[in-house]
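Under my numbering, the residues of the sequence shown are numbered 42 to 664, in order.
Each residue gets a CB set at the ideal place from its N, CA and C atoms; glycine is no exception.
Before any comments, here is the structure.
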Amino acid sequence: MKLSYHTLSLALALALPGVAAAQNAPTELDDVTVTATRTPISIENSVVPVQVIDRAQIDHSQANSLQDLLRGRAGLDFANQGGNGKITSLFLRGSNSNQVLVLVDGVRVASATSGMAALQDLPVDQIERIEIVRGPRSSLYGSEAIGGVIQIFTRNAGQGLQQNLAITAGSNNLRQVSAGFSNRGERGWISAQGGYQKTDGINACRGTAAGWGAGCFADEPDRDGYRNTSINVRGGYALTDTLSLEGHVLNADSFNEYDGSIFGGNEADNRQQVYGAKLAWAASERFRLSAQVGRNRDQADNYFADASTGTRSFASAFDTRRDTASVQGDFSFAEGQQITAGADWQNDKVTSSTAFDIDQRDNLGVFAEYQGQFGAHSLQASVRNDDNEQFGNHTTGSLGYGFAFGNGFRLTASAGTGFKAPTFNDLYYPGFSNPNLKPEESKSLNLGIAQYADNWNWTFNAYETRVDQLIGYDSNFDLVNVAEARIRGAELTGYLSLAGFDINAQASFTDPRDHTSGAATYDNLLARRARTSGRLDVDKSFGPLRLGVTAAGSGHRFDNAANSVRLAGYGTMDVRVEYAINDAWSLQAKAANVFDREYETVAWYNQPGREYQLTLRYNSKAN
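Here it is as structure tokens:
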């Protein structure tokens, strides 16, 4: 049985419920985002599209990976190389994966060599909430925020002592456990969480070593397993009534098997580390000042395991470190009027078995933002300049307007520019780089309309993004800034609570085109991005029993720039059951891809078929 995507695209869309707590205060702020403007703001008052996924939604989804949690959501698309733990590319509004900024607790995360964040290694059990901002935010964050920003907040502490535990077993010998506690007192708070996940996986690649275009060019029809061990600790203390200090650390060590060769390896030991500290001073009701430092380390050591000899030989190592520091001041000079200004410093450093001519660089960015509320009218404007020691200065800006005209209706319009700095691979990888590359640049426009009510809401956004000076290869196979792209799209989201049913759904249409003048690929679709996608979540509780269904679908895509390799569209359905044994203990069960749909998001790379899992979960109330 096949699940038609068209059925999904007719659905209303996902609600935007969520919780976004202020970073230095225990106050719970419902339906608030801090990523869209770098300050707390109601989602309903945001002039750019925002979505928030909170911990309750994560638990109910029973997702065991970020890809599983985010698939089908508005504006998002993925390309995965063979299941859990394998390389996963995220496309936000049709932009490239390295044109999406990913933050973890305010710290920028990504490999300085590839420019991509290792989303597959960030454990879901460590996440408190996720904020997704669609559209350019370079005027606030600098490089990479062309398609948007995804900020992941790790587990925080509620009031009093709380504990949690989750034990999961499932198909492909999935074993997973997560446990933690948190405690918040009058002045201090701490949260600690540990997690372990292991699966035998599936055969990641169906390619062969013979012939051209045979996927991974390897004959390894075996299971490709994955293991992840993680720990996250956050804590803070109110030094005075106006001064607070907090810190956090996330460490995720993973082992990944894949189909490869003696040259590129077939096993990897990976490490993701995120450290950060923040000092916040509430000088008065009108003025706040904060300073933050952070570090992200992205380490990958690749090996070739020869099954015939039982040996393991070294293939390559890439270890990148990103240090950041920022200072930000927020000044409310009148009711509904606020100015924010600050500076960000960043240092990227590469340590690798491959010799780079230059292995580190600094970037200094300064920004200013104005937010104003005039009755039914709201205005947001921001500008930023980044001074990078490799390509010099780059200035970006944005302007947004919103109008609330009664009955919950709201119109929004926003425009912004973005850019992405060339990566170390682009600039200095031996034999395949160009040290004279310039940043990629973008211009975007978004128009939206929404309506919010107590038991339902919906949003519709249409946008266009043009990206110039895209980095690509010319006819001589030299890396140059010649490519151009034009991306148009629309997103429909909504929520309905009716007769005890919670219905969340969304649908996206994206038209990402190559607009490189004179190129043979002109007007072709950009590789690995589907034009249509959607998701529908339906949940209903019957006393202690909660039933849920998640349907997600995607249209066809092309695996190459020439649009000669077509990957068929697909639809999957998951069925979820949850039973509350008592106030603290619950039992969950999930059947994923119940119709055993075969599909690929990257040519030659398999995706899991039908899978089952069972979870025992404990969440204590505050003592």
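Can you tell me whether S558 is buried or exposed? The criterion is at least 16 other CB atoms within 10 Å of its CB, across all chains shown. exposed
With which residues is C246 paired in a DSSP beta bridge? Y646
Residue ranges of each beta strand (DSSP E) run of no fewer than 3 residues wholly in the segment 342-398, ordered along the chain? 352-375 and 378-393
I191 and I171 closer than 8 Å at C-beta: yes
Straight-line gap, Y563 to D555 (C-alpha atoms, nearest Å): 5 Å
Can you tell me whether Q369 is buried or exposed? The criterion is at least 16 other CB atoms within 10 Å of its CB, across all chains shown. buried
Beta-carbon spacing of A259, G301 below 8 Å: yes
Please classify E298 as buried or exposed, where buried requires at least 16 other C-beta atoms within 10 Å of its C-beta. buried
Presumed contact (8 Å Cβ cut-off) between G530 and R134, rounded CB distance: 6 Å
Assuming E482 and F465 form a contact by the criterion Cβ under 8 Å, report the distance between their Cβ atoms to the nearest whole angstrom. So it is not a contact: roughly 20 Å between Cβ atoms.
Measure the alpha-carbon distance for R651 versus I168 and round it to whole angstroms. 26 Å
Could you tell me the distance, in whole angstroms, from the CA atom of R658 to the CA atom of L586? 14 Å
Kindly indicate which residue of R149, E227 and R327 has the alpha-carbon position closest to the one of A198. E227
May I have the straight-line CA-CA distance separating A210 from R96, to the nearest angstrom? 21 Å
For A486, which residues of its own chain have a beta-carbon under 6 Å away from its beta-carbon, when the five flanking residues on both sides are left out? Correcting the residue identity first, residue 486 is Leu in this sequence and not Ala. Correct list, in chain order: A456 and E505.
Is E287 near K239, with beta carbons less than 8 Å apart? no
How far does the beta strand (DSSP E) with S595 in it reach, from first residue to last? L586 to S595
In whole angstroms, what separates the C-alpha of L111 from that of L440? 28 Å
Kindly indicate which three-state DSSP category V165 falls into: helix, strand or coil? helix
According to DSSP, is F444 part of a helix, a strand, or is it coil? strand
Mind checking who A630 pairs with in its DSSP beta bridge? V618 and L655
Could you give the distance in angstroms between the alpha-carbon of L330 and the alpha-carbon of N496? 37 Å
For E641, name the three-state secondary structure that DSSP assigns. coil
Name the two residues that bound the continuous beta strand (DSSP E) containing Y469. Where Y469 is concerned, there is no enclosing beta strand (DSSP E), although the alpha helix (DSSP H) it sits in stretches over F465 to Y469.
Pick from Q204, A250 and V165 that is closest to S660, judged by C-alpha positions: Checking the sequence shown, residue 660 turns out to be Asn, not Ser. The shortest Cα separation from N660 among Q204, A250 and V165 belongs to Q204.
Endpoints, the alpha helix (DSSP H) within which R327 is located: Premise fails: R327 is in no alpha helix (DSSP H) and is neither H nor E.
In three-state terms, what does DSSP make of H556? coil
Please state the DSSP three-state secondary structure of S136. coil
Which listed residue (Y442, A548, D265 and D552) has its alpha carbon closest to that of A245: D265
Please classify D282 as buried or exposed, where buried requires at least 16 other C-beta atoms within 10 Å of its C-beta. exposed
Could you pull out every residue in the same chain whose Cβ sits closer than 6 Å to the Cβ of S212, ignoring the five residues on either side in sequence? E652 and Y653
Nearest to T80 (by Cα), restricted to the options G413, T458 and F550: G413
Under 6 Å Cβ to Cβ from F372, same chain only, skipping five residues before and after it: list those, please. F328 and I380
Among Y278, D403 and R569, which residue has its Cα nearest to the Cα of R225? Y278
Checking the sheet assignment: what are the DSSP bridge partners for K239? R216 and R268
Around the Cβ of H726, are there at least 16 other Cβ atoms within 10 angstroms (buried) or fewer (exposed)? The question about residue 726 has no answer here: the residues shown for the chain are numbered 42 through 664.
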